[in-house]
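**Q**
Residue numbers (our numbering), protein chains in the order written: chain R, 22 to 525; chain G, 23 to 349.
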């Protein structure tokens, strides 16, 4: 293969790529160019379409429109093997490797060298694995089982695996998310080596310091659309943040008077060995408190701990000023704290069960007498709350799984409202649901707050956080990075605190 | 947003319409078919005492099957039930050697059932082990203890009135076991279909994580289900021991297979989440009549066990084959 280091001809080029999912345009005519021997940083908020793009490049998704060029040739990747055959390889956030196989077997799984009998040629496999590992400066014996390696070494194995297919394009999707400081620097060295070998690298990261350290070019996406690209040398952090956040014009949030009531919840000193540390805050009746942060900042983990799913190592919860011990979701519901999870299908709804049974599930005590079900009461409860949420369904005994994502979310919210909670925690309440349902959920949140309910909203969408919240807590790496309210609530401040950028 | 009041109907089909199309209705038709076939196949079938005898083919198994149905609906299983019978029966035989009252013997049998069930429950809910592995282990463990205690011996010498549970009649041809079967069917039917507990069982079987996140005490419900299954194995042990009048360590060997078959034939999804007690009741009659009918035709026991095995696989495979054929 001819490898050049010329900077003007992209080795891989995407032209007007579009990808639509039911109700969402994930990518809208985006473009991207990757150049040999250069690192291109792909920058955008959560939900900007980065992951979708990676999946298109690796043959997992098929674009609905647009073209992919490798060199001058237009190509398509119907399967992951086709993408690999064109020399495109990806190293994911969570590397997919096999603990019980050896390093060499992991590197060559699926494309191992064969003997003339069609069996795996272990000798050649080991030799080539050694070569690849040495080429990236990894001192790992290819015969060790992966289980016996540390996380950083596993990462090197994942990278070796990516290189074993003679890659021209290497995609790194938040490769440093799970690495320590020292390991990150080793990764930077590796990226330099790959550059020197003439490979084109797509580097996805939320950390601005590392983007400026290793990237040569940038491309910015916002809400599935291409915003800008260029050379890193021609731009500064502030400009990048500005492009990334932009101004969202097409979303209107319900206007409301914020009428803060008495304090309903106080969280003091919540710690967890690995997920979060030192969480303190207060919450008032009628308040919407936003929790913003990058994926992996520990927001969901903390909320689930507050809801009694995971145990904190330390921490006190006070509900209405009284210390309340919450060791199970059942105890949380009794204390008036409810949680609408991000993962609706698994944690939110019982999908094979009918709507009315889902709505009453958390308040069976109210619809029953001495533990015996009263169907009429159940239907009455389901009718009341599904009407309040403007649910669309054929009948109340339809399984929840038959509904659209937005309507499933309404059923989950209805279930919690029926318990008459004091605090409702909504984790990414509008993720993956259509615009119409989104607006309904927003309207409803505003209505709940105006009725005196305290709302905690975890969201990674900046317009939503800013549009809905009275106050925003920004989390970074398991800690509260900042608490902002009033005029300080701007997209720039949120992104700065979430990414750990000190000052403009 | 629309401000039109949208009224969602409670149901599109009446509960009766749903019932007509259910597995239980199909099974009932099968049961009637077998009944008619049996009465043609053997002149001895349509006789009140013979029919009464036939019920002993399923009453003890069905008692366990009711609790097992709840357990399987909740997504768990207990394969140690037949071994619990052995251990429970051995314990009853052991205390019976000391001339204790019948009540003491019965309470011993039930307590051993509860303790065995609780042991399974602790391993599954507290330790978080998969129930199929745990109960395969306790299946060997419980019966193994019986073998150690008894070797090739047998316990006999149960008091005279102890025989009532397995051999007594309440009224004419209606046996005590049959009455107990009907009473337990009603209790478990109400428990699964009419109580909050039963609703929690369905929720857990359909999505245990979702149930936990909805504030259901998942482990507590599972614990109770294992203990209930143990208790019902104890009840079955009392009836079976009383009927046989002696205890050997091989008592009830292989019965777990027939119990699970009965539950699955009754329409309970082996993966959890759906099924009904009426279905299990009909399945009990079907299995009882089939084995009894084959017995009247002098079909040997080994062929019957082949039949039970084929029935179990057929019932699990049938819905999937049906779905494949429709595609």
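For glycine and all other residues, C-beta sits at the position ideal for the given N, C-alpha and C. Here the structure is a predicted model, which means the values were calculated and not measured.
(1) In three-state terms, what does DSSP make of residue 518 of chain R?
(2) Within the 8 angstroms Cβ cut-off, does residue 372 of chain R reach chain G?
(3) May I ask which residues mark the beginning and end of the alpha helix (DSSP H) holding residue 55 of chain G?
(4) Decide yes or no for the touch test of the segment 334–348 of chain R against the segment 283–296 of chain R: beta carbon pairs closer than 8 angstroms, at least 3 of them.
(5) According to DSSP, is residue 7 of chain R part of a helix, a strand, or is it coil?
(6) What separation, rounded to the nearest whole angstrom, lies between the Cα atoms of residue 376 of chain R and residue 131 of chain G?
(7) Beta carbon of residue 107 of chain G, beta carbon of residue 273 of chain G: below 8 angstroms?
(8) Can you give me the C-alpha to C-alpha distance between residue 50 of chain R and residue 437 of chain R, rounded to a whole angstrom?
(9) Can you name, in chain order, every residue of its own chain whose Cβ lies under 8 angstroms from the Cβ of residue 59 of chain R, other than the five neighbours on each side?
(10) Along the beta strand (DSSP E) that carries residue 247 of chain R, what are the first and last residues, could you check?
(11) Within 10 angstroms of the Cβ of residue 214 of chain R, are there 16 or more other Cβ atoms? Answer buried if so, exposed if not.
(12) Could you tell me which chain G residues have their CB closer than 9 angstroms to the CB of residue 174 of chain R, listed as they occur along the chain?
(13) Name the residue from G:309, G:220, G:190, G:317 whose alpha carbon lies nearest to the alpha carbon of residue 261 of chain G.
(14) Could you check if residue 343 of chain G is buried or exposed, using at least 16 other CB atoms within 10 Å of its CB as the buried criterion?
(15) Taking Cβ positions only, does residue 346 of chain G come closer than 8 angstroms to chain R?
(16) Based on the DSSP output, what are the partners of residue 360 of chain R in its beta bridges?
(17) Quick check on residue 429 of chain R: buried or exposed, where buried means 16 or more other Cβ atoms within 10 Å of its Cβ?
(18) Of all Cβ atoms in chain G, is any one closer than 8 angstroms to the Cβ of residue 146 of chain R?
(19) Run the CB neighbour count on residue 346 of chain G, radius 10 Å, all protein chains shown included, and call it buried at 16 or more, exposed below.
(20) What are the residues of the segment 414–426 of chain R that lie near chain G, defined by any Cβ-Cβ distance shorter than 9 angstroms?
(21) If you drop the 5 nearest sequence neighbours on each side, which residues of the same chain put their C-beta closer than 6 angstroms to that of residue 334 of chain G?
(22) Out of G:306, G:298, G:76, point me to the one whose CA is closest to residue 96 of chain G's CA.
(23) What ranges does the alpha helix (DSSP H) occupy inside the segment 87–119 of chain R, keeping only unbroken runs of at least 4 residues that lie completely in it?
(24) Starting from residue 406 of chain R, find everything on chain G with Cβ-Cβ shorter than 9 angstroms and list it in chain order.
(25) Count the other C-beta atoms from every protein chain shown that fall within 10 angstroms of the C-beta of residue 155 of chain R, then say buried if there are 16 or more, exposed otherwise.
(26) If we define contact as Cβ-Cβ less than 8 angstroms, is residue 333 of chain R a contact residue for chain G?
(27) Give the residues of chain G in contact with residue 436 of chain R, contact being defined as C-beta atoms less than 8 angstroms apart.
(28) So does residue 298 of chain R have its beta carbon nearer than 7 angstroms to some heavy atom of the ligand MN?
(29) For residue 195 of chain G and residue 84 of chain G, which I take to be in contact (beta-carbon distance under 8 angstroms), what is that distance rounded to the nearest angstrom?
(30) For residue 476 of chain R, decide whether its Cβ has a neighbour in chain G, counting only Cβ atoms nearer than 8 angstroms.
(31) In whole angstroms, give me the CA-to-CA distance for residue 35 of chain G and residue 388 of chain R.
(32) Taking 8 angstroms as the CB-CB limit, is residue 219 of chain G close to chain R?
(33) Who are the Cβ neighbours of residue 120 of chain G in its own chain at under 6 angstroms, not counting the five residues just before and after it?
(34) For the beta strand (DSSP E) containing residue 285 of chain R, list its first residue and its last residue.
(35) Could you give the C-beta distance for residue 118 of chain G and residue 252 of chain G, rounded to a whole number, given that I count them as a contact under 8 angstroms?
(36) Would residue 293 of chain G be called buried (16 or more neighbouring beta carbons within 10 Å of its own) or exposed?
**A** In terms of the structure at hand:
(1) helix
(2) yes
(3) 45–63
(4) yes
(5) Nothing about residue 7 of chain R can be read from this structure; chain R reaches only from 22 to 525.
(6) 43 angstroms
(7) yes
(8) 40 angstroms
(9) 28, 216, 221, 222, 237, 238
(10) 246–252
(11) exposed
(12) Result: empty, since nearest Cβ-Cβ is about 30 angstroms, beyond 9 angstroms.
(13) G:190
(14) exposed
(15) no
(16) R:446
(17) buried
(18) no
(19) exposed
(20) 414, 415, 416, 417, 418, 419
(21) 283
(22) G:298
(23) 101–106
(24) Near residue 406 of chain R there are no residues of chain G at all, since even the closest Cβ is about 11 angstroms away, more than 9 angstroms.
(25) exposed
(26) no
(27) 236
(28) This structure does not include the ligand MN; it has no bound ligands of any sort.
(29) So it is not a contact: roughly 18 angstroms between Cβ atoms.
(30) no
(31) 23 angstroms
(32) yes
(33) none
(34) 284–292
(35) At roughly 21 angstroms, the Cβ-Cβ gap does not stay under 8 angstroms, so residue 118 of chain G and residue 252 of chain G are not in contact.
(36) exposed
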